[in-house]
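Peer 1: Dumping the structure here so I can ask a few things about it.
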Amino acid sequence: METLVGLGRRWPSWVGRVTQYWAVLYGALAVHWMTGGRESFPIANVHGDPPGGPVTAVVVGGVLALGSVAGLLSARGTSRWATVGLVFATGTTLLGTFGLALSGVGAVAAGTVERPWAMAGQVVAAVGAGLLFASTQVHLRRRRSRCPRCGGAHEVALRPDAALVRPRLLPASARTRRTAYLVLAGLLPWASVKLVWGFGGSALGVTAAEWRTSMDNSETSALSRLLERLGIDITVLASLVGVLLVLALLYRWGLRLPRWLLLLPAWVGGVSLVLYGVPLAVWGSLMVTGVAPADSDPGPFTATGIAYMVLFGGAAFGGLGTALAVGAVSYQRRSRPHC
0 METLVGLGRR WPSWVGRVTQ YWAVLYGALA VHWMTGGRES FPIANVHGDP
50 PGGPVTAVVV GGVLALGSVA GLLSARGTSR WATVGLVFAT GTTLLGTFGL
100 ALSGVGAVAA GTVERPWAMA GQVVAAVGAG LLFASTQVHL RRRRSRCPRC
150 GGAHEVALRP DAALVRPRLL PASARTRRTA YLVLAGLLPW ASVKLVWGFG
200 GSALGVTAAE WRTSMDNSET SALSRLLERL GIDITVLASL VGVLLVLALL
250 YRWGLRLPRW LLLLPAWVGG VSLVLYGVPL AVWGSLMVTG VAPADSDPGP
300 FTATGIAYMV LFGGAAFGGL GTALAVGAVS YQRRSRPHC
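Residue numbers for the sequence shown follow numbering that gives the first Met the number 0, so the first one is 0 and each next one is one higher.
Here's what the structure looks like:
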């Protein structure tokens, strides 16, 4: 047996090495965005134009470049500042996943990827965030004199190849479940409007026929068209899948599934939906209250209708993303295997 500190210094070394390789790649990508590259820039419209113009690209690219440098310098360090650098690098890299979940749903809905290089950049950021998070966990556990594998308070670490045991199946606490249900309520206005249109009604000053006409002018997949005939919007169906994932994270039956099968989509969806939905909800609120101007060409909506649609969409995306993040934190703690 070897001491915990000795094991923590060298396990797992491959995480640090791979994280450094990734940091070099992502740093080069960030510099590309700062110097005018737009094909893979994550925060932009379908034409690759970021909100606010080139200034936004320079600022966001600069922050991501700083994060990649911090990750490169900290991935294999041992000091307290190395841990701080990894936390900073992880946070900035999460910014690069902006819109990843919506990009995936949009690809299924349209049958094509509008900005394939941007989606590739989002995936690269998600991979990096996972590597950086793993490195941060090892750093924090080592500095707290805990087992680097499971985070347990072992006085002496077990063998690195020893089997990990999953804990007893327990549901999330009542407080966690109530919090998740509360933020999931943000889905109701947006989903209700989509269902009204799907079954032939009018909402926000737009008839079902006008909504279908606007959708016909955009690219849709065969699956989307089939669901539309049944009165189901594919984004509503995707949100129901997200709700099912939240329930799996909160209740005992979800613990019977492989951890990665729940945590991977939960964290990717949670972070990207919050990054997209919260600013959208704030912008919609400003439009509703008249602080911010409405879209000059909102068709088929009225100016008021588009303001509420933006608000409802932001509340839905932000609420679902927050519920996924809350559920993921709870699930990760309850299902963490131990030596």
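Where is the CB? At the ideal position from N, CA and C, for every residue including glycine. Source: prediction; values computed, not measured.
Using CA atoms only, rank isn't needed, just tell me which of PHE132, SER102, ALA117 and TRP116 is closest to THR91.
Peer 2: The count along the sequence shown starts at 1 and reaches residue 91 at position 92. If we check each option's Cα against that of THR91, PHE132 comes out closest.
Peer 1: Does the separation of the CB atoms of ARG16 and CYS149 fall below 8 Å?
Peer 2: The residue you call residue 16 lines up with position 17 of the sequence shown. The residue you call residue 149 lines up with position 150 of the sequence shown. Their beta carbons are not under 8 Å apart, which means ARG16 does not touch CYS149 by this criterion.
Peer 1: Does the separation of the CB atoms of GLY326 and GLY276 fall below 8 Å?
Peer 2: Residue mapping note: residue 326 aligns to position 327 of the sequence shown, counting from 1. Residue mapping note: residue 276 aligns to position 277 of the sequence shown, counting from 1. Cβ distance not < 8 Å, so GLY326 and GLY276 don't count as in contact.
Peer 1: Please determine if the region 164-172 and the region 113-125 are in contact, where contact requires at least 3 C-beta pairs separated by less than 8 Å.
Peer 2: Contact between the region 164-172 and the region 113-125 is absent, because fewer than three Cβ pairs lie under 8 Å.
Peer 1: Can you give the Cα-Cα distance for ARG143 and VAL137, rounded to whole angstroms?
Peer 2: Stepping through the sequence shown from its first residue, residue 143 is reached at position 144. Stepping through the sequence shown from its first residue, residue 137 is reached at position 138. Taking the straight line joining both Cα atoms gives about 10 Å.
Peer 1: Round the Cβ separation of ALA117 and PRO50 to the nearest angstrom and send it over; I've been treating them as touching at under 8 Å.
Peer 2: In the sequence shown, the residue the question calls residue 117 occupies position 118. In the sequence shown, the residue the question calls residue 50 occupies position 51. That belief does not hold up - the Cβ atoms of ALA117 and PRO50 are roughly 14 Å apart, past 8 Å.
Peer 1: Helix, strand or coil for HIS46? Go by DSSP, reduced to three states.
Peer 2: Residue mapping note: residue 46 aligns to position 47 of the sequence shown, counting from 1. Reduced to three states, the DSSP call for HIS46 is coil.
Peer 1: Since ALA202 sits in a beta bridge, which residues does DSSP pair it with?
Peer 2: Residue numbering aside, residue 202 sits at position 203 when the sequence shown is read from its first letter. Answer is VAL205.
Peer 1: According to DSSP, which residues form a beta bridge with VAL164?
Peer 2: By 1-based counting over the sequence shown, the position of residue 164 is 165. Answer by DSSP bridge pairing, in chain order: HIS337.
Peer 1: Could you tell me if PRO166 is buried or exposed, where buried requires 16 or more neighbouring beta carbons within 10 angstroms of its beta carbon?
Peer 2: For the purposes of this step, residue 166 is taken as residue 167 along the sequence shown, with counting starting at 1. So PRO166 counts as exposed.
Peer 1: Tell me, please, whether the CB atom of THR55 is closer than 8 Å to any CB atom in chain D?
Peer 2: Here there is only one protein chain, and chain D is not present.
Peer 1: Any chance the region 228-239 sits against the region 94-112, with 3 or more Cβ pairs inside 8 Å?
Peer 2: As far as the Cβ criterion goes, the region 228-239 touches the region 94-112, which means the pair count is three or higher.
Peer 1: Which residue spans inside the region 7-93 form an unbroken alpha helix (DSSP H) run of at least 4?
Peer 2: DSSP runs (the alpha helix (DSSP H)) wholly in the region 7-93: 12-33 and 53-73.
Peer 1: Do you know whose CA, among ALA247, VAL164 and TYR307, lies nearest VAL328's CA?
Peer 2: The count along the sequence shown starts at 1 and reaches residue 328 at position 329. The option with the nearest alpha carbon to VAL328 is ALA247.
Peer 1: Nearest by alpha-carbon distance to HIS46: which of ARG114, ARG255, PRO147 and LEU181 is it?
Peer 2: Your numbering for residue 46 matches position 47 in the sequence shown. Taking only the C-alpha atoms, the option nearest HIS46 is ARG114.
Peer 1: Counting only runs of 4+ residues fully inside the region 232-309, write out the alpha helix (DSSP H) ranges in chain order.
Peer 2: Complete alpha helix (DSSP H) runs here, min 4: 233-249 and 258-287.
Peer 1: Taking the beta carbon of SER238 as the centre, do at least 16 other beta carbons fall within 10 Å, making it buried, or is it exposed?
Peer 2: By one-based count along the sequence shown, residue 238 stands at place 239. Per the 10 Å Cβ criterion, buried.
Peer 1: Look at ALA64 and SER73 and say whether their C-beta atoms are less than 8 Å apart.
Peer 2: Locating residue 64 in the sequence shown gives position 65, counting from the first residue. Locating residue 73 in the sequence shown gives position 74, counting from the first residue. Against a cut-off of 8 Å, the Cβ pair of SER73 and ALA64 comes out as no contact.
Peer 1: Where do the ends of the alpha helix (DSSP H) carrying ARG141 lie?
Peer 2: Translated into the one-based positions of the sequence shown, residue 141 becomes position 142. Per DSSP, ARG141 belongs to the alpha helix (DSSP H) from 115-142.
Peer 1: What did DSSP end up calling ALA327 once you bin it into helix, strand or coil?
Peer 2: Taking the sequence shown and counting its residues from 1, one reaches residue 327 at position 328. Three-state DSSP puts ALA327 in a helix.
Peer 1: If you check the beta carbons only, do LEU323 and GLY268 fall under 8 Å apart?
Peer 2: Counting from one through the sequence shown, the residue named residue 323 turns up at place 324. Counting from one through the sequence shown, the residue named residue 268 turns up at place 269. Yes. Within cutoff.
Peer 1: Which of the three DSSP states, helix, strand or coil, is assigned to LEU319?
Peer 2: As a position in the sequence shown, residue 319 is number 320, starting the count at 1. In the structure shown, LEU319 sits in a helix (DSSP, three-state: H, G or I).
Peer 1: Rounding to the nearest angstrom, what Cα-Cα distance links ALA22 and LEU243 in this structure?
Peer 2: If you number the sequence shown from 1, residue 22 lands on position 23. If you number the sequence shown from 1, residue 243 lands on position 244. Roughly 34 Å between the two C-alpha positions.
Peer 1: Closest to LEU249 by C-alpha separation, out of GLY313, GLY76, GLN331 and MET308, would be which residue?
Peer 2: Start at 1 with the first residue of the sequence shown, and residue 249 comes out as number 250. Checking every option, the nearest Cα to that of LEU249 belongs to GLN331.
Peer 1: For LEU203 and GLY283, I'd like the C-alpha separation in whole angstroms.
Peer 2: On the sequence shown, position 204 is the one that residue 203 refers to. On the sequence shown, position 284 is the one that residue 283 refers to. Rounded to the nearest angstrom, the two C-alpha atoms are 14 Å apart.
Peer 1: Give the secondary structure of VAL182 by DSSP, where H, G and I count as helix, E and B as strand, and everything else as coil.
Peer 2: Here residue 182 refers to the residue found at position 183 of the sequence shown. If DSSP states are grouped into helix, strand and coil, VAL182 belongs with the helices.
Peer 1: Going by C-alpha to C-alpha distance, which of ALA280, TRP189, SER39 and PRO299 sits closest to VAL59?
Peer 2: Translated into the one-based positions of the sequence shown, residue 59 becomes position 60. Nearest option by C-alpha distance: SER39.
Peer 1: Can you find the residues in the same chain that come closer than 8 Å, C-beta to C-beta, to LYS193, ignoring five residues on each side of it along the sequence?
Peer 2: Numbered from 1 along the sequence shown, position 194 holds the residue referred to as residue 193. Cβ within range, chain order: ASP232, THR234 and VAL235.
Peer 1: Counting only the same chain and skipping the five closest in sequence on each side, list residues whose C-beta sits under 7 Å from that of SER220.
Peer 2: Translated into positions along the sequence shown, residue 220 becomes position 221. If we look at SER220 and ignore the five residues flanking it on each side, its Cβ neighbours are VAL107, ALA108, ALA109 and GLY110.
Peer 1: Mind checking whether MET33 and ALA56 have CB atoms under 8 Å apart?
Peer 2: Counting from 1 along the sequence shown, the entry for residue 33 is found at position 34. Counting from 1 along the sequence shown, the entry for residue 56 is found at position 57. Against a cut-off of 8 Å, the Cβ pair of ALA56 and MET33 comes out as a contact.
Peer 1: Within the continuous alpha helix (DSSP H) that includes SER102, where are the two ends?
Peer 2: Translated into the one-based positions of the sequence shown, residue 102 becomes position 103. Counting along the chain, the alpha helix (DSSP H) containing SER102 begins and ends at 99-109.
Peer 1: Residue range of the alpha helix (DSSP H) that ARG148 falls in?
Peer 2: As a position in the sequence shown, residue 148 is number 149, starting the count at 1. No alpha helix (DSSP H) contains ARG148, which DSSP labels as neither H nor E.
Peer 1: Within its chain, find whatever has a CB closer than 8 Å to the CB of TRP13; leave out the 5 residues flanking it on each side and keep chain order.
Peer 2: Counted from its first residue, the sequence shown places residue 13 at position 14. Within the same chain, TRP13 has no close Cβ partners at all.
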